[in-house]
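*Asks:* In this note's numbering, the protein residues as written are 183 to 276. Glycine is no exception: its CB is placed at the ideal position from the N, C-alpha and C atoms. Since we're looking at a predicted model, the values are computed, not measured. The structure is given below, and queries will be raised subsequently.
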């Protein structure tokens, strides 16, 4: 299954994804880059995913990437996401 990303340029990303989804009959995964979580936030990304899911519900699977942000992870859980990518930030003490 092909995977496409929301990178941060919302209007351009949505426009490109709509073109792709209109031209394919295959199921695709739509996700976001973890960097996009920091400057857009989970609520904005949720709105983008919601719009795409409403229009192309039979063609897309949503995978949300919260990076290493625990608040974004818990917000995504509260919004009902089950396919969440989350990385745990570790630090070393010297």
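(1) According to DSSP, what are the bridge partners of residue 263?
(2) Contact defined as beta carbons within less than 8 Å: I believe residue 205 pairs with residue 187. What is the distance between those atoms, to the nearest angstrom?
(3) Whole angstroms are fine: how far does the CA of residue 199 sit from the CA of residue 235?
(4) Taking the alpha helix (DSSP H) that residue 204 falls in, what are its first and last residues?
(5) Would you tell me roughly how many angstroms separate the C-alpha atoms of residue 260 and residue 222, rounded to the nearest one?
(6) Please list the terminal residues of the continuous beta strand (DSSP E) segment that includes residue 229.
(7) At the level of alpha carbons, what is the spacing between residue 265 and residue 185?
(8) Taking 7 Å as the cut-off, is the CB of residue 252 close to at least one heavy atom of the ligand SAH?
(9) Starting from residue 209, trace the beta strand (DSSP E) both ways and give me its first and last residue.
*Replies:* Walking through what the data contain:
(1) None; residue 263 has no bridge partner.
(2) With 8 Å as the limit, residue 205 and residue 187 do not qualify as a contact, their Cβ atoms being about 18 Å apart.
(3) Each residue's alpha carbon lies about 11 Å from the other.
(4) 192-205
(5) 18 Å
(6) Careful: residue 229 lies outside any beta strand (DSSP E), inside the alpha helix (DSSP H) at 224-237.
(7) 14 Å
(8) Here there are no bound small molecules, and the ligand SAH is not part of this structure.
(9) Note, residue 209: premise wrong, no beta strand (DSSP E); not H, not E.
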